[in-house]
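So for the sequence shown, the working numbering puts the first residue at 921; every next one is plus one.
Even glycine gets a Cβ: it sits at the ideal position worked out from N, Cα and C.
Please read the structure below before turning to the comments.
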Amino acid sequence: MASLILSNLSSGNPGDGRVNVAAFNNGILLLTPTTPVGDSAGAAFSDKIELKNDTSFSTKFEFQTSATGAPEGFTFIVHNDPAGRNALGGTAPGLGYRPFTLRGSNSSIINALVVELDTFSNTADQLFDNIADVGDNTIEIALIDGQGDRILGSSPEGFQTAFGAFDFNNGSVHTAWIDYDGTSQTLEVFLATGTNPPKPVTSAFSLNLPAQGTSLEAILGGTSGYVGFTAATGGPAQSHQILSFDFLATPTVDPGPVDPGPVDPGPVNPGPIDPGPQLPLGNLGVTGNNLLKLDGVSDSQGATFSVVKPSRAGAVEIGFFELDDAQGNIKGIAPDNANYIATALPTAKIVFSTLGDLDIQGLDVSRQLALDPSRFYAFFLIQDGTLDSVLDGGPGKVTVASPLFNPGPNQPLRFGTSQAGNGLDFNWDLNNDQQFDDFIFRVELGNQGPTLGANLQGGSESEVLDLRGLTGQVQLELEVKREAANTNTLGFYRIENAQGTVLDEFGNALNPGDAGYIQAAVRQWAGQPLISPQNGSTQRLTVSVAGDQILAPFLISNGTIEQILDGNPANDPAVFLPFLGANPGGVDQVKLLGDNTFGFEDLVGGGDFDYDDLVVKINVQPV
């Protein structure tokens, strides 16, 4: 199973002199800028994931286009172009994926399944397939082969339909669902207006691939691909914004994920890469600029990140961001650009955090992540803060471990070969004594998939459990440690998306920071087992929850669920969640320590920022 959210997408550099204008701003993907630029194209894609004929996938995303200008539109796209995440098509009616020779672009993304949300009617002589748009608000499904030609079937209008009752250009927020059924090999598109509206019962458009003489694997030219969006503007300019994005791909060839059994839970949540032991392992290499690179394989490969020696400099957070090339460029922006870090950090992935030589000792933390051989990886370390706090303009010292970003002879990171010989040790110098023994972690390659439940972790505000794809009941085996004077209570609540939307008891959608959000979250855990260890102790217990949902943790500091729900706000204790907008003072109170391992700070405003007041480690087991 592969699960993606908006922060898993990044924009590449086509490398041919053209500019990919897509960028992130405050967690929103701007495919074309909010200050519109004419004749521009943007694209952002995920890592490569497995997509076979019988792989079902579904996505939900919220989007907004500016109400002025009207050209041109954007696409949701699944492709297997050799350019990977650097793929980019033409401007104007090219919509960022197909050529538009009138503007000098012959580039087309090949081996692609494309869902166009077209906002402007172009005539046939402007389009590479010579098929005119049927209106200004058009849904079109384009199937592009390995030569960049459209795979046409029996539909002479090119698989498109006008959606006259739906206005893409009115400046409102709209929501789209795109579902592919791996059994019937049918693609369906659903549309609605507003934020988090109910999904329509009837699709706006559907297409059966076998009826067109093709299949998903035939279109992609293989069994894997990249997922993301493209957009373009023409003479008049238009802003295209993706506000939220959730994607889930589930293999259907093995019935294990449908009804997981206790005997062999392995197939329930396979990773995006085939974890079978028959796959050859690649090689981990380091460039002269301290960038990590996976060589010797063509597809992404699993890697285990583990702490060898805890930090001697207190709590630190480790992460990486992906680079287009060995020179450190991201979307054509060089490391010496003043906007470089602001561009890189929103796309970063946190590996884990270490509590250092603080109160809780012996906490075993590790992460299972995938590395893409087409990318370069720059690692960074944050002291006295977190990625979430830095992105929010709060505390945190960021050190990027490469001379590309920190010129000078004394670099903070030195690599060494692990004892097993199939990995690398990251040896950090955090006190400038050049001993490189202040903090050490290890990366080793393997064929394992992601840890069950950890698919969404590592991005901004992502300390959550992803149980989607697991049907029936799921057991959470909890190990909860407390090192704080406050009597803290831990619980979990269902969120509707990665942004933390929750439904109250009346079915109203509430976002972090909305009135009633805390009560709606905490109410869900009422009647569940009490999770509240004594100070200096560890509580171990197993709780049963429903599968096929996303769960977020909450911590009540010096209080109870009953106090939150008694209708008397005067006695409400502080409640802390992964979402900064819901926390008192908007401070990051939860830190990702490892796969399914979260550390809480239990004082309003972040306290001493040690994140060891309550630590929970969760093992997800399907029943």
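How big is the Cα-Cα spacing for valine 1206 and glycine 1252?
-> Looking up residue 1206 in the sequence shown gives position 286. Looking up residue 1252 in the sequence shown gives position 332. Taking the Cα positions, valine 1206 is about 22 Å away from glycine 1252.
- Query: Contact check, glutamate 1383 vs leucine 1512 under 8 Å by CB: the rounded distance?
  - Reply: Position 463 of the sequence shown holds residue 1383. Position 592 of the sequence shown holds residue 1512. At roughly 5 Å, the Cβ-Cβ gap stays under 8 Å, so glutamate 1383 and leucine 1512 are in contact.
Along the chain, where does the alpha helix (DSSP H) containing glutamate 1381 start, and where does it finish?
Within the sequence shown, residue 1381 is the residue found at index 461, counting from 1. Where glutamate 1381 is concerned, there is no enclosing alpha helix (DSSP H), given that its DSSP letter is neither H nor E.
Please list the segments of the alpha helix (DSSP H) lying wholly inside the region 1370-1447, counting only runs of 4 or more residues, in order along the chain. Entirely contained in the region 1370-1447, the alpha helix (DSSP H) runs reaching 4 residues are, in chain order, 1437-1443.
| Length of the line joining the Cα atoms of valine 1524 and aspartate 1308 | Counted from its first residue, the sequence shown places residue 1524 at position 604. Counted from its first residue, the sequence shown places residue 1308 at position 388. Each residue's alpha carbon lies about 16 Å from the other.
Could you check whether the region 1004-1019 touches the region 1111-1131, counting it as contact only if at least three pairs of C-beta atoms, one from each stretch, sit closer than 8 Å?
no
Next on the checklist: Does glycine 1456 pass the burial test, meaning 16 or more other C-beta atoms within 10 Å, or should it be called exposed?
Outcome noted: Counting from 1 along the sequence shown, the entry for residue 1456 is found at position 536. With fewer than 16 other Cβ atoms inside 10 Å of its own Cβ, glycine 1456 counts as exposed.
Practice problem: Label glycine 1316 either buried or exposed according to how many other C-beta atoms from any shown protein chain fall within 10 Å of its C-beta, with 16 as the threshold for buried. | Solution: Position 396 of the sequence shown, counting from 1, holds the residue named residue 1316. When all chains shown are included, glycine 1316 counts as buried.
Among Asp1215, Pro1370, Ser1231 and Phe1529, which one has its Cα closest to the Cα of glutamine 1288?
-> Position 368 of the sequence shown holds residue 1288. Considering only alpha carbons, the answer is Pro1370.
**Study point:** Close-in-space but distant-in-sequence residues of the same chain around phenylalanine 1048 (CB under 6 Å, 5 per side omitted)
**Key:** Translated into the one-based positions of the sequence shown, residue 1048 becomes position 128. At phenylalanine 1048, the pLDDT of 49 sits below 50, so the modelled position is not reliable; the number obtained from the coordinates is stated separately. Arg1018 and Pro1019.
Using the three-state DSSP reduction, which class does glutamine 1483 fall into: helix, strand or coil? Counting from one through the sequence shown, the residue named residue 1483 turns up at place 563. Correct three-state label for glutamine 1483: helix.
**Prompt:** When we look at the beta-carbon of glutamine 1344 and count the other beta-carbons within 10 Å, is it buried (16 or more) or exposed?
**Reply:** Taking the sequence shown and counting its residues from 1, the one referred to as residue 1344 is at position 424. Checking the displayed sequence, the identity of residue 1344 turns out to be leucine instead of glutamine. Per the 10 Å Cβ criterion, buried.
**Item:** alpha helix (DSSP H) segment containing leucine 1289, residue limits
**Value:** Your numbering for residue 1289 matches position 369 in the sequence shown. Premise fails: leucine 1289 lies in the beta strand (DSSP E), 1286-1291, not in any alpha helix (DSSP H).
**Message:** Could you tell me the alpha carbon to alpha carbon distance between glycine 1142 and glutamine 1483, rounded to whole angstroms?
**Reply:** Position 222 of the sequence shown, counted from the start, is the residue given in the question as residue 1142. Position 563 of the sequence shown, counted from the start, is the residue given in the question as residue 1483. If you take the alpha carbons of glycine 1142 and glutamine 1483, they lie about 56 Å apart.
Three-way DSSP call (helix, strand, coil) for glycine 1336 in this model: The residue given as residue 1336 occupies position 416 in the sequence shown. Reduced to three states, the DSSP call for glycine 1336 is strand.
So with Cβ pairs under 9 Å, would you call isoleucine 1139 a contact of chain B? Absent from the structure is chain B; it holds one protein chain and no more.
- Between the CA atoms of tyrosine 1297 and leucine 1291 - distance to the nearest angstrom: If you number the sequence shown from 1, residue 1291 lands on position 371. If you number the sequence shown from 1, residue 1297 lands on position 377. Each residue's alpha carbon lies about 9 Å from the other.
| Any idea what DSSP makes of valine 1217, helix, strand or coil? | Residue numbering aside, residue 1217 sits at position 297 when the sequence shown is read from its first letter. Note: valine 1217 maps to coil in three-state DSSP.
Report task. Report the rounded CA-to-CA distance for glycine 1239 versus glycine 1133, giving the unit in angstroms. Result -> Here residue 1239 refers to the residue found at position 319 of the sequence shown. Here residue 1133 refers to the residue found at position 213 of the sequence shown. In a straight line, the C-alpha of glycine 1239 is about 45 Å away from that of glycine 1133.
Give the single residue among Leu1204, Asp1528 and Ser1220 whose Cα lies nearest to the Cα of lysine 1213.
-> Within the sequence shown, residue 1213 is the residue found at index 293, counting from 1. That would be Leu1204, whose Cα lies nearest to the Cα of lysine 1213.
*Expressed to the nearest angstrom, what Euclidean distance is found between the alpha-carbon atoms of tryptophan 1348 and phenylalanine 1149?*
Reading the sequence shown from its first residue, position 428 is the one you call residue 1348. Reading the sequence shown from its first residue, position 229 is the one you call residue 1149. Their backbone Cα atoms lie some 37 Å apart in a straight line.
- Query: Can you tell me the Cα-Cα spacing of valine 1510 and threonine 1458, whole angstroms?
  - Reply: What you label residue 1510 is simply residue 590 of the sequence shown in a count that begins at 1. What you label residue 1458 is simply residue 538 of the sequence shown in a count that begins at 1. Distance between the alpha carbons of valine 1510 and threonine 1458 is about 19 Å.
TODO: Evaluate proline 1453 with the Cβ neighbour count: other Cβ atoms within 10 Å of its Cβ, from every protein chain shown; 16 or more gives buried, anything less gives exposed.
DONE: Position 533 of the sequence shown, counted from the start, is the residue given in the question as residue 1453. Residue environment analysis places proline 1453 among the buried positions, since at least 16 neighbouring C-beta atoms fall within 10 angstroms of its C-beta.
Does the region 1297-1306 come close enough to the region 1227-1246 that 3 or more CB-CB pairs lie under 8 Å?
-> yes
task = Put alanine 1012 into one of helix, strand or coil per three-state DSSP.
result = Position 92 of the sequence shown, counting from 1, holds the residue named residue 1012. Helix.
Residues that DSSP places opposite glycine 1343 in a beta bridge | Counting from one through the sequence shown, the residue named residue 1343 turns up at place 423. Glu1364.
Is it true that the CB of leucine 924 sits closer than 9 Å to the CB of valine 1271?
Here the question's residue 1271 lines up with position 351 in the sequence shown. Here the question's residue 924 lines up with position 4 in the sequence shown. In this structure, leucine 924 does not lie closer than 9 Å to valine 1271 by Cβ.
Pull up the CB-CB distance for aspartate 1358 and asparagine 1367, whole angstroms please, since I reckon it's below 8 Å. On the sequence shown, residue 1358 is found 438 positions in, with the first residue counted as 1. On the sequence shown, residue 1367 is found 447 positions in, with the first residue counted as 1. Actually they do not touch by this definition, with Cβ atoms about 32 Å apart.
Delimiting residues of the beta strand (DSSP E) encompassing threonine 1274
Counting from one through the sequence shown, the residue named residue 1274 turns up at place 354. 1269-1274 is the span of the beta strand (DSSP E), which, as asked, contains threonine 1274.
| task | Would you mind giving the Cβ-Cβ distance between glycine 1068 and serine 1028, rounded to the nearest angstrom? I have them listed as a contact below 8 Å. | result | Within the sequence shown, numbered from 1, the residue matching residue 1068 stands at position 148. Within the sequence shown, numbered from 1, the residue matching residue 1028 stands at position 108. Cβ-Cβ separation between glycine 1068 and serine 1028: approximately 4 Å, consistent with a contact (criterion under 8 Å).
Classify proline 1329 as buried or exposed, calling it buried when 16 or more other Cβ atoms lie within 10 Å of its own Cβ.
-> As a position in the sequence shown, residue 1329 is number 409, starting the count at 1. Exposed, by the Cβ-count rule.
Nearest-angstrom Cα distance between glycine 1145 and glycine 1479?
Here residue 1145 corresponds to residue number 225 of the sequence shown, with the count starting at 1. Here residue 1479 corresponds to residue number 559 of the sequence shown, with the count starting at 1. Those two C-alpha atoms are separated by around 48 Å.
Is the Cβ-Cβ distance between leucine 1547 and threonine 1113 less than 9 Å? Any question about residue 1547 goes unanswered here, given that the chain covers just 921 to 1543.
Report the CB separation of phenylalanine 1529 from leucine 1497 in whole angstroms; it is logged as a contact under 8 Å.
Position 609 of the sequence shown, counting from 1, holds the residue named residue 1529. Position 577 of the sequence shown, counting from 1, holds the residue named residue 1497. 17 Å between Cβ atoms; not a contact.
Would you decide whether asparagine 1210 is buried or exposed? Buried here means 16 or more other CB atoms lie within 10 Å of its CB. By 1-based counting over the sequence shown, the position of residue 1210 is 290. The residue is buried, with at least 16 neighbouring Cβ atoms inside 10 Å.
Ordered along the chain, which non-local residues of its own chain (more than five positions away) have a Cβ less than 6 Å from that of glycine 932?
Sequence index remark: in the sequence shown, residue 932 carries index 12 (1-based). So the list reads Arg1005, Asn1006 and Asp1244, once near-sequence residues are dropped.
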